[in-house]
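Down below is the structure, laid out as structure tokens.
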Amino acid sequence: MPRITFFLVRSISVLVLLGGSISCGVNAPPEVKPDENGSVNPELIVGREVWGIHCSSCHGASGQGGRGKKLNSGDLFTDYPDQTSLVSVIQNGKGQGMPAFSSKLTVVETKAVISYILGVLN
């Protein structure tokens, strides 16, 4: 391989890798912050992981909405006033827009993502 071609391929590879790692951080869900004692609730960590895998593609990394409903505002409490109603809509889906996650998420994971939505995104 000629020296110029090798240099060009290597440079492009580095740029692609850098671009990919930068773009991954842009759409990452908000971090879980430690409480006043410096502890982090493990349920929120699980919720963040579930959010990133199953929810953020429709609802946005920060819950700002998109194809799915905006979840980072007080409107969530108007539509779903308690945890039972949130568990139901996540597990069973709603209409054409919100798919059911009962086959993908356990009840523990569902409650963890609800804690993340309520504790971190709102």
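Heads up, the sequence shown is in my numbering, so the first residue is 81 and it goes up one at a time.
For each residue, glycine too, the CB sits at the ideal point set by N, CA and C.
Length of the line joining the Cα atoms of residue i and residue j
i, j, result
"E111", "R128", "8 Å"
"G143", "S195", "13 Å"
"G175", "I125", "29 Å"
"E189", "S165", "15 Å"
"I197", "G146", "16 Å"
"K113", "P122", "11 Å"
"S182", "S168", "9 Å"
"E116", "Q171", "33 Å"
"T158", "K184", "26 Å"
"G118", "P109", "20 Å"
"G105", "C138", "Note that G105 scores a pLDDT of 46, beneath 50, so its modelled location is shaky; the value from the coordinates is reported in the next line. Those two C-alpha atoms are separated by around 17 Å."
Residue i - DSSP class collapsed to helix/strand/coil
i, result
"K174", "strand"
"L256", "It is not possible to answer for residue 256, since the shown part of the chain is limited to 81 through 202."
"A192", "helix"
"T164", "helix"
Close Cβ partners of residue i (< 7 Å) along its chain, the five nearest in sequence each way excluded
i, result
"N152", "S142, G143, Q144, L201, N202"
"C135", "V193"
"V120", "V112, P114"
8 Å CB neighbourhood of residue i in its chain, flanking five on each side removed
i, result
"V187", "V167, Q171"
Sequence ranges, alpha helix (DSSP H) only - wholly within the stretch 101 to 150, length at least 4: For the stretch 101 to 150, the continuous alpha helix (DSSP H) assignments of 4+ residues that do not extend past its boundaries occur at 122 to 130, 136 to 139, in sequence order.
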